[in-house]
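Residue numbers (my numbering): 1 to 106. Following: one structure in structure tokens, then a few remarks.
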């Protein structure tokens, strides 16, 4: 569980870290009106497993305590539950992606 939390924290830091690719600072008036918003998944709970697809920096899977298996195809901007009614357990403790086919999950 600690490893999953570290991976999720690292991915979050990458997504929200300021880009060093531009030399121009962001003008404060451009972002003054922005407010925090939750981008999902909309169910509360803890993340128990995270796995990314090798070679695809946009596609990740997340297992949640009491929340099934979730997928993002846009690096976490939106999440979709892909397990409703298909997995007879509420908690996903681990996720594995088959090396031979990224569409096969364990």
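Ideal Cβ placement from N, Cα and C applies to all residues, glycine included. What you are looking at is a predicted structure, and each value in this text was computed from that prediction instead of being measured.
* Give the range of the beta strand (DSSP E) segment to which residue 69 is assigned. => Numbered from its first residue, the chain shown carries residue 69 at position 69. Taken as a continuous stretch (DSSP letters only), the beta strand (DSSP E) holding residue 69 covers 68-72.
* To do: Please classify residue 97: does DSSP put it in a helix, a strand, or coil?
  => In the chain shown, counting from the first residue as 1, residue 97 sits at position 97. Of the three classes helix, strand and coil, the one that applies to residue 97 here is strand, per DSSP.
* What distance in whole Å lies between the Cβ atoms of residue 49 and residue 93, which are believed to be in contact at a cut-off of 8 Å? -> Numbered from 1 along the chain shown, position 93 holds the residue referred to as residue 93. Numbered from 1 along the chain shown, position 49 holds the residue referred to as residue 49. About 6 Å separates the beta carbons of residue 93 and residue 49, which is inside the 8 Å limit, making them a contact pair.
* Look at the Cβ atom of residue 58, then the Cβ atom of residue 81, and state whether they are nearer than 7 Å. => Within the chain shown, the letter at position 58 stands for residue 58. Within the chain shown, the letter at position 81 stands for residue 81. Cβ atoms of residue 58 and residue 81: not closer than 7 Å.
* Rounded to whole angstroms, how far is the Cβ of residue 72 from the Cβ of residue 65, which I believe are closer than 8 Å? -> Start at 1 with the first residue of the chain shown, and residue 72 comes out as number 72. Start at 1 with the first residue of the chain shown, and residue 65 comes out as number 65. The C-beta distance from residue 72 to residue 65 rounds to 18 Å, too long to meet the 8 Å contact threshold.
* To do: Compare the beta carbon distance of residue 96 and residue 106 with 7 Å and say whether it is the shorter of the two.
  => To locate residue 96, count along the chain shown from 1; it is residue 96. To locate residue 106, count along the chain shown from 1; it is residue 106. Yes, the pair counts as a contact, with Cβ atoms nearer than the cut-off.
* Taking residue 58 as part of the alpha helix (DSSP H), name the residues at either end of that continuous run. => For this step, residue 58 is matched to residue 58 along the chain shown. No alpha helix (DSSP H) contains residue 58, which is instead part of the beta strand (DSSP E) from 56-64.
* Can you say whether residue 34 is buried or exposed, counting buried as having 16 or more other CB atoms within 10 angstroms of its CB? => Along the chain shown, read from residue 1 onward, the residue named residue 34 stands at position 34. Exposed: under 16 other Cβ atoms inside 10 Å.
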